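See below for the structure under consideration.
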């Protein structure tokens, strides 16, 4: 599974929507379901995927699907 | 309801960019009260306040109280249909919005206000069905403010950050009115992701000594915000949703001050008990001794016991009078001076409370209470929905999230997205289901009733 596909799966889980409903350019505040609680859910899910806590710099930098994919890719 | 406004500190409203001293607030209150009195508002009136989280909200609230009237504080995020439903139910003489006032004509009323008269009405559910409005008298509110100040200490309440909404007992009574009554300043900030990102900076910039919060704020702030660089924080409360011992410890480490796991319910005018890390190590569900009043448990036969395990019951001078226009609901929970909370737990020989779960179906989404039956009834008004069953699903970020099983009318093409969009037009966002399950049948008990627990377990087997 590509980093982008994994990121889409993680984000869909956090937003509680189907993977095919996640826009390729999904960004915080531009997807109706992506509110502060969904963002918290995303950070927790990412930490589980990465197997470690996010650093504050990493957490603050997450604003879109691409940012999630970069973190997933960096783990590989 | 009388509060000595001249002894209040300053209200800093960062969104509006205003800071009202006690003198400026008093002038605003007098101006607004005059306008309401001109329209006949008095001690038998209910006035709905449909905005919140601002200095103007406090001016309206105190103006209503200065006339001896009761304030019904509505969630500003209600949809128009939800707001209409609540207003039709509580029949206010006036509705105060940010930019306008609507007044029902009527006879002028006096300002006579007895301590047992209604002062505050907070809605905990029923914005689409029959509303459930908690009525708190002046004596209950004043008792709670006094008990809170006694438990916390006025010096600690000198500079308070208000992170919670003001239509919410925790936010209004605990986080805002308690410090104001203690002569402290409050700082009103916009909520959401920005608050979590800026929390440490806000605490430093405003020399915050006290704040309350819900656990979901910390899920974000611990990851997104650097710790405060200064040492102004003296006490932090966390409440309205379960707080794990692990999260409790992490919050204490970030705050570098005692963190109190609070037990508060709207029906008890907010905090009834709290356990501080200054006195006890963090422990799951532990909320300490009551701050005034007593805790007990209800046995299976309905008798009340001072020690044991079961449904927690509370006796307190700050108890609600009852639910507005709902003697049936009131009688079910308020008996012989005890309020039956619907929370399961234990009370030990020293009167200390440990919470272990819920006896009711209520869903607690990040501190906001959602009644599943309300969502079922709304969805079943949709022409494509034959049956709906709403239930709680554990969620790491919000404690619980709202899920629903839906049986569609045969041939319907509705999707989760289309039903969610339909709900968002009629229901506040926090109550709108996030997880949707489409089923051929909703399982029933042998008596033909829907068991929300059974539905959850059948759809998500790995939940408790």
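Protein chains in written order, with this note's numbering: chain A, 1 to 76; chain B, 1001 to 1464.
All C-beta atoms in this analysis are idealised placements derived from N, C-alpha and C, irrespective of residue type, glycine included.
Since the model is a prediction, treat every value here as computed from it, not as a measurement.
Pick out whichever of the options has its Cα sitting closest to the Cα of residue i.
i                       : options                        : result
residue 127 of chain A  : B/1462, B/1456, B/1401         : Because chain A spans 1 through 76 in this model, residue 127 of chain A falls outside it and cannot be assessed.
residue 1424 of chain B : B/1450, B/1233, B/1082         : B/1082
residue 1160 of chain B : B/1145, B/1169, B/1177, B/1070 : B/1177
residue 1141 of chain B : B/1156, B/1129, B/1122         : B/1122
residue 1095 of chain B : B/1320, B/1069, B/1319, B/1211 : B/1069
residue 1231 of chain B : B/1179, B/1256, B/1359, B/1213 : B/1256
residue 1350 of chain B : B/1097, B/1032, B/1044, B/1290 : B/1290
residue 1137 of chain B : B/1409, B/1267, B/1306         : B/1267
residue 1275 of chain B : B/1296, B/1297, B/1252         : B/1252
residue 1355 of chain B : B/1184, B/1188, B/1263, B/1162 : B/1263
residue 1214 of chain B : B/1238, B/1186, B/1088         : B/1238
residue 1011 of chain B : B/1035, B/1189, B/1197         : B/1189
residue 1106 of chain B : B/1332, B/1184, B/1211, B/1042 : B/1042
residue 1442 of chain B : B/1463, B/1303, B/1429, B/1406 : B/1406
residue 1259 of chain B : B/1144, B/1233, B/1335         : B/1233
residue 1092 of chain B : B/1114, B/1077, B/1053, B/1039 : B/1039
residue 1045 of chain B : B/1329, B/1297, B/1063         : B/1063
residue 1193 of chain B : A/20, A/22, A/12, A/28         : A/28
Is there a Cβ of chain A sitting closer than 7 Å to that of residue i, yes or no?
i                       : result
residue 1192 of chain B : yes
residue 1213 of chain B : no
residue 1412 of chain B : no
residue 1397 of chain B : yes
residue 1366 of chain B : yes
residue 1224 of chain B : yes
residue 1220 of chain B : yes
residue 1435 of chain B : yes
Could you please give the first and the last residue of the uninterrupted alpha helix (DSSP H) stretch that includes residue i?
i                       : result
residue 1218 of chain B : 1215-1224
residue 1465 of chain B : Within the shown structure, residues of chain B are numbered from 1001 to 1464, placing residue 1465 of chain B beyond reach of any answer.
residue 7 of chain A    : 3-15
residue 1051 of chain B : No alpha helix (DSSP H) contains residue 1051 of chain B, which DSSP labels as neither H nor E.
residue 43 of chain A   : 36-50
residue 1416 of chain B : 1416-1424
residue 1246 of chain B : 1245-1255
residue 1087 of chain B : 1080-1090
residue 74 of chain A   : 65-75
residue 59 of chain A   : 56-61
Mind checking who residue i pairs with in its DSSP beta bridge?
i                       : result
residue 1012 of chain B : B/1019, B/1187
residue 1333 of chain B : Answer by DSSP bridge pairing: none, since residue 1333 of chain B is not bridged.
residue 1261 of chain B : B/1238, B/1275
residue 1196 of chain B : According to DSSP, which records beta bridges pairwise, residue 1196 of chain B is partnered with nothing at all.
residue 1322 of chain B : B/1135
residue 1304 of chain B : B/1298
residue 1440 of chain B : In DSSP, residue 1440 of chain B forms no bridge with anything.
residue 1395 of chain B : B/1399
Let's see if you can read the secondary structure: which residues bound the beta strand (DSSP E) around residue i?
i                       : result
residue 1369 of chain B : 1368-1370
residue 1132 of chain B : 1132-1137
residue 1338 of chain B : 1338-1347
residue 1363 of chain B : 1363-1365
residue 1311 of chain B : 1308-1315
residue 1282 of chain B : Careful: residue 1282 of chain B lies outside any beta strand (DSSP E) and carries neither H nor E.
residue 1094 of chain B : 1094-1096
residue 1120 of chain B : 1118-1125
residue 1161 of chain B : 1159-1162
residue 1358 of chain B : 1353-1358
Counting only beta-carbon separations shorter than 7 Å, does residue i have a partner in chain B?
i                     : result
residue 39 of chain A : yes
residue 61 of chain A : no
residue 1 of chain A  : no
residue 65 of chain A : no
residue 43 of chain A : yes
Just the chain E side, please: which residues come within less than 9 Å of residue i by C-beta, in chain order?
i                       : result
residue 1244 of chain B : No chain E is present in this structure, whose protein chains are A and B.
Any chance the segment 12-24 of chain A sits against the segment 32-46 of chain A, with 3 or more Cβ pairs inside 8 Å? yes
Between the segment 1072-1086 of chain B and the segment 1144-1152 of chain B, do at least 3 Cβ pairs fall closer than 8 Å? no
Just checking, does the segment 1051-1066 of chain B make contact with the segment 1020-1029 of chain B on the three C-beta pairs under 8 Å criterion? yes
Is the number of C-beta pairs between the segment 1439-1459 of chain B and the segment 1414-1428 of chain B that are closer than 8 Å three or more? no
Determine contact between the segment 1366-1384 of chain B and the segment 1334-1344 of chain B, defined as no fewer than three beta-carbon pairs at a distance below 8 Å. no
Just checking, does the segment 1230-1245 of chain B make contact with the segment 1103-1118 of chain B on the three C-beta pairs under 8 Å criterion? no
Take every Cβ of the segment 1308-1324 of chain B, pair it with every Cβ of the segment 1280-1289 of chain B, and state whether three or more of those distances are shorter than 8 Å. no
State whether the segment 1217-1229 of chain B contacts the segment 1174-1189 of chain B, with contact taken as three or more CB pairs (one from each stretch) at a distance under 8 Å. no
Do the segment 1157-1176 of chain B and the segment 1191-1207 of chain B make contact, defined as three or more Cβ pairs closer than 8 Å? yes
For the structure I just gave you, are there three or more beta carbon pairs, one from the segment 3-14 of chain A and one from the segment 62-74 of chain A, closer than 8 Å? yes
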